[in-house]
Amino acid sequence: MVAARETTLQELLEGSKQYQVPLYQRTYSWTKSQLARLWDDILKLAEDRVDDANATHFIGSLVLAPSPNNGPTGVAEYLVVDGQQRLTTLTILLCAIRDHRAQHEGPMHRERLNQQYLTNPWKPESQRLKLVPTQADRAAYLACLDSTPEAGGADPVGAAYRFFVAQLAAADDPDDPLDIERIENAVIAGLALVSVTAQHGDNVHRIFESLNNTGLKLTQADLLRNYLFMRLPTRGQTVYQSLWLPLQKRLTSEQLELLFWLDLVHRDQRVKQTDVYSAQQARLNQLRSEEAIEAEVKRFSRLGALLRVILHPAEEQDPGVRRRLERLGAWGTTTVYPLLLHLLDRCDQGSATSEQVASAMLYVESFFVRRLLTGRPTNNLNRILLAVVTEMDKDLPVDQAVRSYLSIGRKYYSNDASVRSAVRSVPYYFNGRRHQQKLILQWLEESYGSKEPVALDSLTIEHVLPQTPTAEWQQMLAADLGPEENFREAHEALVHTLGNLTLTGYNSEMSNNSFPVKRLQLAKSGIVLNQEIAAQERWGRSQIHARADVLAERIVANWPGPTAQAADQSEVPWDVMTKALAELPAGSWTTYGDLAALIGSHPVPVGARLASHPAPNAHRVLQVEGTVSPGFKWSDPDRKDDPRDLLRAEGVKFDEYGRADQAQRLSTEELAQLAGVTPEEVPERLPRPRSDQDVDYAARFTEQLTALQGPTVATAVHVVLDAWTSMGGTLLYGTGGESSCFLMARGRRHELGDIWPAAIYPSGKFEVVFQHLSVRTPFDDVTLREELRQRLNQLPGVDIAPAKIALRPGFPLTVLADADAREALLDHLRWFHDQAQTLAGDTLAMD
């Protein structure tokens, strides 16, 4: 007999209970994308419960079986047969809520949450924990549960804890004392689960199979079609032939489901795509006649034709609307679809002109461009875009209504002054997706209106001041430095800004060449952006800033800003800094300069901000040489201990002069990875259909590698690549300005999906992709990633800190020039390849 009932986390965790994750279960493996989806659902639920205290959100099932160890101690013990990832995540979240509320609201929250939901405080040690994870996860889980210095490490459990700590810090509004309490209540009482409890003697594995082996499912579009034609007993055949069949030919099954969701979002932005069928059915149930149902199918057919135009802009007749649809399509943000469908519908119905619709789309494009330029995170964009249709002013012309809506509230539609400042200082190269960065540069070039336009698709982004400066470049930039300035921090503050970037087809030829050499190459270009750079005598700070100013004026002229009534918003993205700090793993540190480069500021205001505004992990921010700032103070005025003692407890090493180990320092790029600012590059799947315009990326990789690293290192790299292919691996290449090479151990058609241990960059980095491996079998097991890290650290010159196991660290390609190091690396790569080829049956375990 199996008992199934709906329950809440509160009911599951209150009382003397213990949930044990069996040893055969896989280790904790939720990634940031899964955590983000859960967090978004919780935030929406917390908002919904303000108006309806009984609102709930279903998050799945939990399959339990009585533990064979149940004894007379009064603790009800259960084995978690299915749902352990979900249950572990929720208890980690409770730890983060507990710690946040204890720090900001008072210590009573620590004992309250511990005693109610996380521990059995008056039971023996073996029964103290409400949840007992697998052995591999236990130490990391206990660090979070007991709030030790190791809490929030680089392992998946620690990463989940850091994620929730960061989100809570971002969500905590100082003007709303109840916001975190509402979130806690939503988690405890609003998240609904179905608890399936087996009885003694039941085959729990058979229960698991019946829950997960569902076979081929009908899509939500299939279900809705069946429902509609069930409601058309006499007109079904005619309606199907005249309306539904043409609609089905225009759109795929996935696009039909998208259409039905877009239709719902126009009424209620909170509707999820997973609820399309149930929500449409509830709406259509209110229609009583066959004629009303037929009218709905006719309306779907008309909207489907408009969605077809959004997906295929070339079919749009008006050139202005077509251009804006093409640009927004190229930008790649599908959550703009509800607004686009609404705009085209207004035009189709005659309540808006084509000019107004094109103008509204330009404001949306400008909103995207200006947010990227000013370094605003994208995590709230979906909510903003989904709310436009329901919340914009219906009495204004549609383009002015869109502009006005985007201008109000904390939406960060940056004004002209903010854009001018950000173009000078914000690290453009870390913001948004790489293709979006290139798009803005392409659109800037197109704005010059050359009568002989250059084919821009094959061009890549070039750093004029190179990412790895030579002695000549260091000498040029040193002339711009003041007496107290540090070269490295000055370089970081300039190199990734828009003023230093351009488009070129000669990326490998330019590489790290001196400016006089680059200048000659840029002068040959047909691109106006490059000709402006070639007109300069030198390329230092003043020239980069001057070019930034010129580009900023062109940006504000081409992309209109918010209304004059827009709220005055702080444009320094302190929230990005806070998020990066919250994600900073135990055992790592960073500098004021690295943080300043991340957000387009300066080390001095960063230090002032940390001194006056409490921020997570502020003690992990040190001076550039790894020493504690003389002005450092704890946010708690009663705290007097040395921050180095805490850093040592967390795993940071110090030398005899009190300087932190530079190997444990996280750079600006790694901070951007933590903050989710810079996405992971993925390999181009070659071979592919070729044409005369195609680039031979393998040849370009070799050309760049030899030009940048010299023949000795280039030969050593190719020895490694040849050995890798002889093991059975393959090589794929990136298509960015720098042609990276990926060592593929499995292709994407493999039953376990694709996987690669590393990417090699001609600029000199052997990048170990722990971030990618964390979601690939079998390296989603942190113990295997840790073994890979320890193996690589045996190589001379390689020291990858434990805190970087969730990132994409690396070591110089010059390491490979040593024959012994190269052979050792090949042994480790052979081990990796063998692990990656493990059969699915040997690695897959139940959740």
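The sequence shown begins at 10 in our numbering and counts up one residue at a time. Built from N, CA and C at the ideal position, the CB exists for glycine as well.
In the DSSP assignment, Y742 falls within the beta strand (DSSP E) that extends over T739 to Y742. When the beta-carbon positions are compared, V504 and L531 stay at least 7 angstroms from each other. Taking a contact to require three or more Cβ pairs closer than 8 angstroms, the region 620–627 and the region 185–194 do not qualify as touching.
A Cβ-Cβ separation of about 18 angstroms leaves P582 out of contact with I564 under the 8 angstroms criterion. Within a 10 Å sphere around the beta-carbon of Y666 sit fewer than 16 other beta-carbons, which makes this residue exposed. Boundaries of the alpha helix (DSSP H) harbouring T98: Q93 to H113, taken from the DSSP string. Within the DSSP secondary-structure output, Q27 pairs in a beta bridge with E86. Assigned with DSSP and collapsed to three states, Y770 falls in strand.
Listed in chain order, the non-local C-beta contacts of P130 below 8 angstroms within the same chain comprise N123, Q124 and R137, local neighbours out to five positions each way being set aside. Across the set D272, A288 and D836, the C-alpha of D272 shows the shortest separation from the C-alpha of L312. When C-beta atoms of the region 297–310 are compared with those of the region 251–268, three or more pairs fall below 8 angstroms, so the two segments count as touching. For S204, the pairing in a beta bridge is given by DSSP as R14 and L71.
If you draw a straight line from the Cα of Q540 to the Cα of N521, it comes to about 19 angstroms. A buried status is given to P652, since no fewer than 16 other beta-carbon atoms sit within 10 Å of its beta-carbon.
Residue range E299 to L320 is occupied by the alpha helix (DSSP H) that includes I302. In this structure, L71 sits near L202, with a CB-CB distance shorter than 7 angstroms. By the criterion of at least three beta-carbon pairs nearer than 8 angstroms, the region 104–120 is not in contact with the region 41–49.
For P322, the closest C-alpha among the options S413, V615 and L349 is that of L349. Nearest Cα to N495 within the set E23, I553, Q632 and V411: Q632. Taking the C-beta atoms as reference points, A591 is found nearer than 7 angstroms to A175. Relative to the Cα of E776, the nearest Cα in the group W452, L296, C750 and H759 belongs to C750. Assignment of T342 by DSSP, reduced to helix, strand and coil, places it in the coil class. Here the alpha carbon of E795 sits roughly 16 angstroms from the alpha carbon of D843. Between the beta-carbon of E305 and that of L241 there is about 10 angstroms, and that puts the pair past the 8 angstroms contact cut. Looking at the backbone, the Cα of V366 and that of C356 are separated by about 7 angstroms. If you ignore the 5 residues before and after P614, its C-beta comes within less than 8 angstroms of the C-beta of V581 and A605, all in its own chain and listed in chain order. Judged by DSSP in its simplified three-state form, E634 adopts coil rather than helix or strand. A Cβ-Cβ distance of about 11 angstroms is found for the pair E455 and L512, leaving them out of contact under the 8 angstroms criterion. Taking a 10 Å sphere around the C-beta of G762, we find fewer than 16 other C-beta atoms and assign the residue as exposed. A direct Cα-to-Cα measurement between Q445 and D836 gives close to 39 angstroms.
In this structure, DSSP gives V397 a helical state, which the three-state scheme calls helix.
Annotated as proximal: K26 and A85, with beta-carbon spacing under 7 angstroms. The shortest CA-to-CA distance from T342 to any of S368, V330 and L390 is the one to L390. Collapsing the DSSP output to three states places G596 in coil. Look at V141 here: in three-state DSSP terms it is strand. Beta-bridge partners assigned by DSSP to L273: none are found.
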